[in-house]
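Student: Please read through the structure below; I'll follow up with questions.
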Amino acid sequence: MEAYELTAHELAKALAGKELSAVEAVENQLARIEAVEGRVEAYLRLTPDLALAQAQAVDEARARGEALGPLAGVPYAAKDVLCTNGVATTCGSKILERFVPPYDATVVANCRAAGMPILGKTNMDEFAMGSSTENSAFKITRNPWDPDRIPGGSSGGSAAAVAANEAFLALGSDTGGSIRQPASVCGCVGLKPTYGRVSRYGLIAYASSLDQIGPLTKDVRDCALFQQVLSAHDPLDSTSSADHPAPDYASLLTGEVRGLRAGVVKELMGEGIEPGVQECVRQAVSTLEGLGVTCEEVELPHCEYALPVYYIIAPAECSSNLARFDGVRYGHRTEQPVTDFEDMFAKTRAEGFGPEVRLRIIKGTYVLSKGYYDAYYLKALKVRNLIRRDFDRAFERFDILLSPTSPTVAFRIGERVDDPLAMKLADICTIPINLAGIPALSVPCGFSEGLPVGLQIMGKPFDEATLLQVGYAYEQQAGWAGRKANL
Amino acid sequence: MEQATRDDVAHVAELAHLALSEEEIARLQRELNRILEHFAELQKLNTDDVEPMSHAVPMVNVFREDAARPSLPIDAVVGNAPDRADEFFRVPRIVEG
Chain F
1 MEAYELTAHE
11 LAKALAGKEL
21 SAVEAVENQL
31 ARIEAVEGRV
41 EAYLRLTPDL
51 ALAQAQAVDE
61 ARARGEALGP
71 LAGVPYAAKD
81 VLCTNGVATT
91 CGSKILERFV
101 PPYDATVVAN
111 CRAAGMPILG
121 KTNMDEFAMG
131 SSTENSAFKI
141 TRNPWDPDRI
151 PGGSSGGSAA
161 AVAANEAFLA
171 LGSDTGGSIR
181 QPASVCGCVG
191 LKPTYGRVSR
201 YGLIAYASSL
211 DQIGPLTKDV
221 RDCALFQQVL
231 SAHDPLDSTS
241 SADHPAPDYA
251 SLLTGEVRGL
261 RAGVVKELMG
271 EGIEPGVQEC
281 VRQAVSTLEG
291 LGVTCEEVEL
301 PHCEYALPVY
311 YIIAPAECSS
321 NLARFDGVRY
331 GHRTEQPVTD
341 FEDMFAKTRA
351 EGFGPEVRLR
361 IIKGTYVLSK
371 GYYDAYYLKA
381 LKVRNLIRRD
391 FDRAFERFDI
401 LLSPTSPTVA
411 FRIGERVDDP
421 LAMKLADICT
431 IPINLAGIPA
441 LSVPCGFSEG
451 LPVGLQIMGK
461 PFDEATLLQV
471 GYAYEQQAGW
481 AGRKANL
Chain A
488 MEQATRDDVA
498 HVAELAHLAL
508 SEEEIARLQR
518 ELNRILEHFA
528 ELQKLNTDDV
538 EPMSHAVPMV
548 NVFREDAARP
558 SLPIDAVVGN
568 APDRADEFFR
578 VPRIVEG
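Protein sequences, first through last, are from chains F and A. For the first sequence, this note's numbering gives the first residue as 1, with consecutive numbering after it. For the second sequence, this note's numbering gives the first residue as 488, with consecutive numbering after it.
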């Protein structure tokens with residue numbers, strides 16, 4: 001067995017037992033990337049020298065007998081939406097093609113402090129806007145299970161890297177499903193933590209009331225260990241919570257879930273969900289019942305409005321966030337002749353942003369503009385509250401809620417490019433969670449048409465521990481984690 | 488529900504500082520109207536007594552200590568600019584004269 005086939009916790013154990021060095025682990029991982037990356041295209045850029053230097057430092061610290069964190073020496077990949085000091089960060093966009101951040105995102109700094117070597121930056125939909133990674137300005141990433149299919153998005157590069165054994169762990173970001181949906185269609189584990197659980201300092205913002213950073217991993221134990229590294233209050237992000245210290249997630253994974261109450265979301269188990277996906281999720285529900293979880297149906301009546309609410313709020317926030325890209329302080333500037341600085345902004349932005357980003361800026365500016373604010377934006381904020389109340393009510397009766405993560409298995413590359421509404425339906429099960437601000441975990445729950453299906457486990461605010469516990473118990477019982485794409 | 492006109496889109500593009508071709512304005516108008524139709528569903532809901540929700544987690548007045556910290560390295564920051572002069576960003580002339 002090659003080192004790259006191990007899970008992160010298995011590798012960590014091998015490193016601690018000095019069965020191999022961190023440098024050897026990184027070398028083995030880089031060789032794997034070299035062998036398969038041409039068929040996957042998960043990465044926008046690799047940082048082998050940095051990874052080897054960080055691994056070397058871990059090996060030296062271990063030789064000196066220093067105390068090391070549980071993931072020391074385990075290499076990871078970061079979505080290109082996260083700032084990396086001295087390493088180009090493009091957010092999948094031409095407008096940031098030459099941007100080299102002078103600082104690390106807090107999560108990247110946390111990984112560095114935990115002794116985790118960084119392998120590189122992964123491909124993504126431009127500014128995290130999309131569900132297939134086809135909106136990247138640079139390349140198409142392929143699903144390791146079927147090269148003709150999308151890896152999901154917008155964290156498609158991160159999910160494909162983990163699924164293809166091109167990274168032990170990866171960081172993603174999730175505004176409407178961008179960690180969970182790619183995790184689901186690539187057959188890995190993905191966690192969207194509670195809004196406020198993880199610092200977003202150094203995350204290039206898309207929609208600030210929805211964005212969260214989280215892990216994509218090979219199994220649930222890895223997810224617990226990685227989430228531990230990410231969970232911390234950060235004075236540099238005023239939205240990161242200081243009131244909910246993270247428990248020791250991995251030590252809570254006992255497999256014991258007897259007596260928990262689960263609600264199966266009725267609105268997400270019918271029309272619009274492929275039969276093969278429904279079948280896998282039903283099987284997962286009976287597996288959980290077999291483990292002693294009480295499962296019954298629950299209604300979230302305002303769920304059906306989540307899509308229009310999201311497609312008002314997210315573009316509105318993006319039109320404001322993306323105003324900073326003006327060709328002055330960083331990124332692309334037009335080379336066309338300009339009449340004044342406003343003309344320079346307008347030409348720079350039209351050249352630098354891709355078609356989907358331009359569309360969302362236009363939509364967002366429109367719904368915020370005079371005469372439309374009340375009818376669209378304010379209305380959406382009110383309906384968002386109704387959606388959250390549905391969840392509040394459900395969590396009075398249930399500890400967790402269950403649904404599919406993605407309504408379909410991975411679709412074909414190019415299939416939905418010209419059908420924006422079909423593309424948006426990819427996030428129908430995941431968007432309500434971002435609107436409510438709660439955490440949700442996607443775990444593999446079987447295969448339909450030979451392609452991975454994900455089970456979404458939703459929880460109360462700041463109760464990631466219960467999600468991980470349920471995901472772990474399910475994974476141990478169902479045994480899907482061992483199935484890997486054949487590359 | 489109202490439809491967005493060509494001039495609406497051109498106006499919004501100006502507000503958003505996007506220099507667009509007529510062809511692109513037509514595409515965006517088409518896409519915008521498609522989604523506006525979809526937004527009309529929300530009008531079915533009575534929200535008279537519902538507070539707007541702008542944040543998922545209630546937080547008020549988050550302060551940190553007002554302490555001096557080292558700034559980012561100025562050369563690396565300004566080095567990202569498409570055009571610079573010493574420690575400054577260089578832009579087209581803003582004020583005449």
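Each residue gets a CB set at the ideal place from its N, CA and C atoms; glycine is no exception. All values derive from a computational prediction rather than experimental measurement.
Out of Ser238/F, Val383/F and Gln336/F, point me to the one whose CA is closest to Tyr310/F's CA.
Tutor: Val383/F
Student: Need the endpoints of the alpha helix (DSSP H) that Ile361/F sits in, please.
Tutor: Pro355 to Leu368
Student: Indicate whether Gly327/F and Phe353/F have their beta-carbon atoms separated by less than 8 angstroms.
Tutor: No, Cβ-Cβ distance for Gly327/F and Phe353/F is not below 8 angstroms.
Student: Using a Cβ distance threshold of 8 angstroms, determine whether the region 492-507 of chain A contacts the region 467-486 of chain F, with at least three qualifying pairs required.
Tutor: no
Student: Anything in the region 566-580 of chain A with a Cβ closer than 8 angstroms to a Cβ of chain C? List those residues in chain order, please.
Tutor: Of the protein chains in the structure, F and A, none is chain C.
Student: According to DSSP, is Leu455/F helix, strand or coil?
Tutor: strand
Student: If you count every other CB in all the chains shown that lies within 10 Å of the CB of Tyr373/F, and 16 or more means buried, which is it?
Tutor: exposed
Student: Please state the DSSP three-state secondary structure of Ser136/F.
Tutor: Assigned with DSSP and collapsed to three states, Ser136/F falls in coil, not helix or strand.
Student: So Gly171/F is in the beta strand (DSSP E); what residue range does that whole segment cover?
Tutor: Per the sequence presented here, residue 171/F reads as Leu, with Gly not at that position. Leu171/F -> beta strand (DSSP E) spans Leu169 to Asp174.
Student: Go through the region 63-145 of chain F residue by residue and report every complete run of the alpha helix (DSSP H) that reaches 4 residues or more, in order.
Tutor: 106-113
Student: Please check if any C-beta of chain F sits within less than 8 angstroms of the C-beta of Ala555/A.
Tutor: In terms of beta-carbon proximity, Ala555/A stays away from the interface with chain F, with every pair separated by 8 angstroms or more.
Student: What are the start and end residues of each continuous beta strand (DSSP E) run of 3 or more residues lying completely inside the region 505-580 of chain A, in chain order?
Tutor: none
Student: For Lys347/F, I'd like the list of residues in its chain whose CB is within less than 8 angstroms of its CB, leaving aside the five on either flank, ordered along the chain.
Tutor: Thr334, Gln336 and Val338
Student: For Ser208/F, which residues in the same chain have their Cβ closer than 6 angstroms to its Cβ, ignoring the five residues on either side in sequence?
Tutor: Glu317
Student: Could you tell me if Asn486/F is buried or exposed, where buried requires 16 or more neighbouring beta carbons within 10 angstroms of its beta carbon?
Tutor: exposed
Student: Anything in chain A within Cβ reach of Arg388/F, meaning under 8 angstroms, just list it in chain order.
Tutor: Met540 and Ala543
Student: What residue range does the beta strand (DSSP E) around Arg397/F cover?
Tutor: Arg397/F -> not in any beta strand (DSSP E); alpha helix (DSSP H) instead, spanning Lys379 to Arg397.
Student: Using DSSP bridges, identify the partner residues of Glu296/F.
Tutor: Gly263/F
Student: Is there a Cβ of chain F sitting closer than 8 angstroms to that of Ala506/A, yes or no?
Tutor: For Ala506/A, the answer is yes, since a Cβ of chain F falls inside 8 angstroms of its Cβ.
Student: Can you give me the start and stop residues for the beta strand (DSSP E) that Ile213/F sits inside?
Tutor: Gln212 to Thr217
Student: Let me check one thing: in DSSP terms, what residues is Ala440/F bridge-paired to?
Tutor: Lys192/F and Met458/F
Student: Anything in the region 350-372 of chain F with a Cβ closer than 7 angstroms to a Cβ of chain A? List those residues in chain order, please.
Tutor: Ala350, Arg358, Leu359, Ile361, Ile362, Lys363, Thr365, Tyr366 and Ser369
Student: What are the partner residues of Leu401/F, as DSSP defines its beta bridges?
Tutor: Gly263/F and Met458/F
Student: Here's the rule: buried if 16 or more other CB atoms are within 10 angstroms of the residue's CB, otherwise exposed. What is Arg580/A?
Tutor: exposed
Student: Could you work out which residues of chain F lie near Ala497/A, taking near to mean beta carbons separated by less than 7 angstroms?
Tutor: Near Ala497/A there are no residues of chain F at all, since even the closest Cβ is about 10 angstroms away, more than 7 angstroms.
Student: For Arg200/F, count the other beta carbons within 10 Å of its own beta carbon; 16 or more makes it buried, fewer makes it exposed. Which is it?
Tutor: buried
Student: What is the DSSP secondary structure of Ser231/F, counted as helix, strand or coil?
Tutor: strand
Student: Nearest chain A C-beta to Gly65/F closer than 8 angstroms, yes or no?
Tutor: no
Student: Of all the residues that make up the region 76-106 of chain F, which are near chain A by a beta-carbon distance shorter than 7 angstroms?
Tutor: Phe99, Val100, Pro102 and Tyr103
Student: Does any residue of chain A bring its CB to less than 8 angstroms from the CB of Pro308/F?
Tutor: Taking CB atoms only, Pro308/F has a neighbour in chain A less than 8 angstroms away.
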